[in-house]
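K.L.:
Numbering-wise (the numbering used here), the sequence shown opens with residue 29 and increments by one.
All C-beta atoms, glycine included, are put in the ideal place defined by N, C-alpha and C.
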Amino acid sequence: MKTAAIIGGGVIGGGWAARFLLNGWDVRVFDPDPEAERKIGEVLSNARRSLPGLGNVALPAEGALTFHATIAEAVEGAAWVQESVPERLDLKQKVYAELQQHCAEDALIGSSTSGFKPSELQEGRGNASRIVVAHPFNPVYLLPLIELVGTHVNPVDVIARAKEIISGIGMYPLHVRKEIDAHIADRFLEAVWREALWLVKDGIASTEEIDNAIRYGFGIRWAQMGLFETYRVAGGEAGMKHFMAQFGPCLTAPWTKLMDVPEFTDELVDLIADQSDEQSGMHSIRELERIRDDNLVGMMRAMSANDWGAGALQNVQDKAREGEAGLLSHIDQIGDLSKPVLTLNRTVPLDWTDYNGHMTESRYLDAFAQSTDRLMLLIGCDAEYIASGGSYFTAETHIRHIDEVHAGHSIQVRTQVILGAGKKMHLWHEMYEGDRLLATGEHMLLHVDLATRRSAPPAEHVEAALVKLATAHAALPAPDGLGRAIGAPR
Ligand SMILES: NC(=O)c1ccc[n+]([C@@H]2O[C@H](COP(=O)([O-])OP(=O)(O)OC[C@H]3O[C@@H](n4cnc5c(N)ncnc54)[C@H](O)[C@@H]3O)[C@@H](O)[C@H]2O)c1
Numbered sequence: 029m030k031t032a033a034i035i036g037g038g039v040i041g042g043g044w045a046a047r048f049l050l051n052g053w054d055v056r057v058f059d060p061d062p063e064a065e066r067k068i069g070e071v072l073s074n075a076r077r078s079l080p081g082l083g084n085v086a087l088p089a090e091g092a093l094t095f096h097a098t099i100a101e102a103v104e105g106a107a108w109v110q111e112s113v114p115e116r117l118d119l120k121q122k123v124y125a126e127l128q129q130h131c132a133e134d135a136l137i138g139s140s141t142s143g144f145k146p147s148e149l150q151e152g153r154g155n156a157s158r159i160v161v162a163h164p165f166n167p168v169y170l171l172p173l174i175e176l177v178g179t180h181v182n183p184v185d186v187i188a189r190a191k192e193i194i195s196g197i198g199m200y201p202l203h204v205r206k207e208i209d210a211h212i213a214d215r216f217l218e219a220v221w222r223e224a225l226w227l228v229k230d231g232i233a234s235t236e237e238i239d240n241a242i243r244y245g246f247g248i249r250w251a252q253m254g255l256f257e258t259y260r261v262a263g264g265e266a267g268m269k270h271f272m273a274q275f276g277p278c279l280t281a282p283w284t285k286l287m288d289v290p291e292f293t294d295e296l297v298d299l300i301a302d303q304s305d306e307q308s309g310m311h312s313i314r315e316l317e318r319i320r321d322d323n324l325v326g327m328m329r330a331m332s333a334n335d336w337g338a339g340a341l342q343n344v345q346d347k348a349r350e351g352e353a354g355l356l357s358h359i360d361q362i363g364d365l366s367k368p369v370l371t372l373n374r375t376v377p378l379d380w381t382d383y384n385g386h387m388t389e390s391r392y393l394d395a396f397a398q399s400t401d402r403l404m405l406l407i408g409c410d411a412e413y414i415a416s417g418g419s420y421f422t423a424e425t426h427i428r429h430i431d432e433v434h435a436g437h438s439i440q441v442r443t444q445v446i447l448g449a450g451k452k453m454h455l456w457h458e459m460y461e462g463d464r465l466l467a468t469g470e471h472m473l474l475h476v477d478l479a480t481r482r483s484a485p486p487a488e489h490v491e492a493a494l495v496k497l498a499t500a501h502a503a504l505p506a507p508d509g510l511g512r513a514i515g516a517p518r
């Protein structure tokens, strides 16, 4: 039941289509615009470039994308129908009336609406219990947040199923428990937008200066800690109460015009559009989208390394995908011990490439380090073991760069244990794209006692598992290039 119907394939519908497809769902699209196929194709190529490398584990095989001439045809067999037609209530209601005549009884219908409440969308529908708001953020294929809003007519199991599907495609369902116009996030954005319009209208700041005020300062903070956690830190050691005592009174100062709305005159629209052209007109929209995506991927990957915010969410997704990607977490799960073991299956992320347009040299070590971590996990050197005071440190590394690879390409590493005895672990990693050998990595590691930072024998169970794998691998031929000195003829 992994078929999604996308009704309306513009900026948002195209992003949803990409999100479902790249997470292995079949996607059926209806959009009356003859240009829809081209537009979705462009969104999809941006998504293919950025999403698969966001995490450290390969995504499932892409689903099939089809375009349909009617809503009736598009919703056939769909478990999830996502409506992303223009923001007009009458149009949305008309679309539900039609699609509910044809979709499965139990299909869930999510609306991308930025402003309408679910009760408004459900009005007049016989089967309203299946309709919810599932409000995404652009680019839908990269940003994980979905504001999931229902009403009292949505049974608990509908909300639970919606959460399950949204999580399954790598997103975060934020269940908005009480419906409200514009949900949660857009109310902030509206407040910030109003304040920015005043600043431009009053000639205080240009569009560029306002953007700089955000992107050089609080915007970076918001992305990783949100509002309250950031302010808690801002309160210093005394924390949130101190922060509120210090800044609370400002709310009554004449800082803000939040309750007023500047009149949207042609003059104001022109002023903003002209400033925006001057600020960003040198880039096409597609170019700006790619710059945005590169930065989003880089920021989210940095947070993955810290297991924080959107990065922590990505790590949970990665963990859930390991099995399907063939990555195991204990030696006992390995079916055939006699072969090199799969220790990495991922896509080359955008932030791993360099000015030569291919994966940069330091990232080969990154990839091999992930493989070594996986091998350590397989032999029982897991987080719990490391917390108890034992681990492996790398003493020596030799990487051979054999062929190039580019962002978005799928790579696998298979690992052979050359020696595993006592404190020593000698590993041989081979990196492939399909059958093409890209690189080899040879590493000598020593087991250490983390308290003394000196080499020490591993715990019995870790050594036993390592020896088991090393013994099974001993029958394999010595890899070509093993122990090779730098510069020796190939
Ligand atoms: N743009 C954003 O940043 C954003 C963010 C979150 C949510 N949304 C919401 O997503 C929805 C769509 O917004 P968008 O920005 O993608 O708009 P858009 O104009 O880019 O796309 C709307 C698409 O719907 C198609 N359409 C029109 N009538 C249709 C019909 N009867 N059946 C099927 N398709 C039809 C249009 O051809 C168009 O391709 C709106 O409800 C909006 O509030 C937008």
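#1: So, under 8 Å CB-CB, Arg260 and Phe271 are touching, yes? Tell me the CB distance rounded to an integer number of Å.
#2: Going straight from the alpha carbon of Gly469 to that of Leu447, what length do you get?
#3: At 4 residues or longer, and completely inside the segment 117-158: list those alpha helix (DSSP H) runs for me, N to C.
#4: Tell me whether the beta-carbon of Leu324 lies closer than 7 Å to the beta-carbon of Leu170.
#5: Could you tell me whether the Cβ atoms of Glu175 and His163 are closer together than 7 Å?
#6: For the alpha helix (DSSP H) containing Trp108, list its first residue and its last residue.
#7: Evaluate Gly36 with the Cβ neighbour count: other Cβ atoms within 10 Å of its Cβ, from every protein chain shown; 16 or more gives buried, anything less gives exposed.
#8: Express the C-alpha separation of Ser366 and Leu504 in angstroms, rounding to a whole number.
#9: Please report how far the alpha carbon of Thr381 lies from the alpha carbon of Asp431, in whole angstroms.
#10: Return the residue from the list Val161, Ala484, Pro507 and Lys452 that minimises the CA-CA distance to His203.
#11: Determine whether the beta carbon atoms of Ala435 and Val376 lie at a separation below 7 Å.
#12: For Pro167, which residues from the same chain have a beta carbon less than 6 Å from its beta carbon, with the 5 sequence-adjacent residues on both sides left out?
#13: So, with DSSP's three-state summary, where would you put Gly326?
#14: Could you check if Asp118 belongs to the surroundings of ligand 1, using beta carbon to heavy atom distance under 6 Å?
#15: Compute the minimum distance between the beta carbon of Val39 and the heavy atoms of ligand 1, and state whether it is under 6 Å.
#16: Locate the alpha helix (DSSP H) running through Ile187, then write down its first and last residues.
#17: Quick one, are the C-beta atoms of Leu474 and Lys451 less than 7 Å apart?
#18: Spell out a yes or no on whether the segment 355-375 and the segment 59-75 are touching, meaning 3 or more CB-CB pairs, one atom from each, closer than 8 Å.
#19: For Thr425, does the three-state DSSP call read helix, strand or coil?
#20: Hey, is Asn166 close to ligand 1, as in C-beta under 6 Å from one of its heavy atoms?
#21: Of all the alpha helix (DSSP H) runs that stay within the bounds of the segment 79-109, which reach a length of 4 or more residues?
#22: Under 7 Å, do Asp209 and Gly143 count as touching if we go by C-beta distance?
#23: Out of curiosity, what's the CA-to-CA distance linking Ile407 and Ala493?
#24: Measure the alpha-carbon distance for Thr371 versus Trp221 and round it to whole angstroms.
#25: Alpha carbon to alpha carbon, what distance is there between Glu133 and Gly19?
#26: Do you know how far the Cα of Ala100 is from the Cα of Thr235?
#27: Using a Cβ distance threshold of 8 Å, determine whether the segment 101-113 contacts the segment 52-62, with at least three qualifying pairs required.
#28: Short of 8 Å in beta carbon distance, which residues of its chain neighbour Ile514, apart from the five on each side in sequence? Order them along the chain.
#29: Going by DSSP, name the residue or residues bridged to Trp456.
#30: Taking Cβ to Cβ, would you say Asn373 is nearer than 7 Å to Ala89?
#31: Please classify Thr179: does DSSP put it in a helix, a strand, or coil?
#32: In angstroms, rounded to a whole number, what distance separates the CA positions of Lys30 and Met199?
#33: With a CB to CB cut of under 7 Å and the five nearest residues on each side skipped, what residues in its chain are close to Arg391?
#34: Distance check for Ala397 and Asp298, CA to CA, integer angstroms please.
#35: Once the 5 residues before and after Glu350 are set aside, which same chain residues still bring their CB inside 6 Å of it?
P.N.:
The short version:
#1: Taking the first residue of the sequence shown as position 1, residue 260 is located at position 232. Taking the first residue of the sequence shown as position 1, residue 271 is located at position 243. Indeed, because the Cβ distance is near 7 Å, the residues count as touching under 8 Å.
#2: Taking the sequence shown and counting its residues from 1, the one referred to as residue 469 is at position 441. Taking the sequence shown and counting its residues from 1, the one referred to as residue 447 is at position 419. Cα to Cα, Gly469 sits roughly 15 Å from Leu447.
#3: 117-130 and 146-150
#4: As a position in the sequence shown, residue 324 is number 296, starting the count at 1. As a position in the sequence shown, residue 170 is number 142, starting the count at 1. Yes.
#5: Counting from 1 along the sequence shown, the entry for residue 175 is found at position 147. Counting from 1 along the sequence shown, the entry for residue 163 is found at position 135. Yes, Cβ-Cβ distance for Glu175 and His163 is below 7 Å.
#6: The residue labelled residue 108 in the question sits at position 80 within the sequence shown. Where Trp108 is concerned, there is no enclosing alpha helix (DSSP H), although the beta strand (DSSP E) it sits in stretches over Trp108 to Glu111.
#7: As a first step, residue 36 is located in the sequence shown; it is residue number 8 there, counting from the start. Classification for Gly36: buried.
#8: On the sequence shown, residue 504 is found 476 positions in, with the first residue counted as 1. On the sequence shown, residue 366 is found 338 positions in, with the first residue counted as 1. Going by the C-alpha atoms only, they are around 7 Å apart.
#9: Here residue 381 refers to the residue found at position 353 when the sequence shown is read from its first residue. Here residue 431 refers to the residue found at position 403 when the sequence shown is read from its first residue. Cα-Cα distance, rounded: 14 Å.
#10: Start at 1 with the first residue of the sequence shown, and residue 203 comes out as number 175. Taking only the C-alpha atoms, the option nearest His203 is Val161.
#11: The residue you call residue 435 lines up with position 407 of the sequence shown. The residue you call residue 376 lines up with position 348 of the sequence shown. Yes, the pair counts as a contact, with Cβ atoms nearer than the cut-off.
#12: By 1-based counting over the sequence shown, the position of residue 167 is 139. Around Pro167: Gly43.
#13: Sequence index remark: in the sequence shown, residue 326 carries index 298 (1-based). Three-state result, Gly326: helix.
#14: Walking along the sequence shown from the start, residue 118 turns up at place 90. False, no ligand heavy atom lies under 6 Å from that Cβ.
#15: Walking along the sequence shown from the start, residue 39 turns up at place 11. Checking every heavy atom of ligand 1 against the Cβ of Val39, one is found closer than 6 Å.
#16: Here residue 187 corresponds to residue number 159 of the sequence shown, with the count starting at 1. From DSSP, the alpha helix (DSSP H) with Ile187 extends over Val184 to Gly196.
#17: Residue mapping note: residue 474 aligns to position 446 of the sequence shown, counting from 1. Residue mapping note: residue 451 aligns to position 423 of the sequence shown, counting from 1. The answer is yes: Cβ separation under 7 Å.
#18: no
#19: As a first step, residue 425 is located in the sequence shown; it is residue number 397 there, counting from the start. Thr425 falls in the strand class under three-state DSSP.
#20: Taking the sequence shown and counting its residues from 1, one reaches residue 166 at position 138. Yes, Cβ of Asn166 sits closer than 6 Å to a heavy atom of ligand 1.
#21: 99-102
#22: Along the sequence shown, read from residue 1 onward, the residue named residue 209 stands at position 181. Along the sequence shown, read from residue 1 onward, the residue named residue 143 stands at position 115. Going by C-beta atoms, Asp209 is nearer than 7 Å to Gly143.
#23: Position 379 of the sequence shown holds residue 407. Position 465 of the sequence shown holds residue 493. Taking the straight line joining both Cα atoms gives about 5 Å.
#24: Here residue 371 corresponds to residue number 343 of the sequence shown, with the count starting at 1. Here residue 221 corresponds to residue number 193 of the sequence shown, with the count starting at 1. Computed Cα separation, rounded: 47 Å.
#25: Only positions 29 to 518 of the chain appear in this structure, which leaves residue 19 out of reach.
#26: The count along the sequence shown starts at 1 and reaches residue 235 at position 207. The count along the sequence shown starts at 1 and reaches residue 100 at position 72. When rounded, the distance between both Cα atoms is 44 Å.
#27: yes
#28: As a first step, residue 514 is located in the sequence shown; it is residue number 486 there, counting from the start. Excluding residues within five positions, the ones whose Cβ falls inside 8 Å are His426.
#29: Along the sequence shown, one-based indexing puts residue 456 at 428. Gln444 and Glu470, per the DSSP bridge assignment.
#30: Reading the sequence shown from its first residue, position 345 is the one you call residue 373. Reading the sequence shown from its first residue, position 61 is the one you call residue 89. No, they are not a contact pair.
#31: Your numbering for residue 179 matches position 151 in the sequence shown. Coil at Thr179, not helix or strand.
#32: Within the sequence shown, the letter at position 2 stands for residue 30. Within the sequence shown, the letter at position 171 stands for residue 199. Answer to the nearest angstrom: the Cα atoms are 16 Å apart.
#33: On the sequence shown, residue 391 is found 363 positions in, with the first residue counted as 1. Result list for Arg391: Trp380, in chain order.
#34: Locating residue 298 in the sequence shown gives position 270, where the first residue counts as 1. Locating residue 397 in the sequence shown gives position 369, where the first residue counts as 1. So the two alpha carbons sit approximately 53 Å from each other.
#35: Sequence index remark: in the sequence shown, residue 350 carries index 322 (1-based). Hits under 6 Å: Val85.
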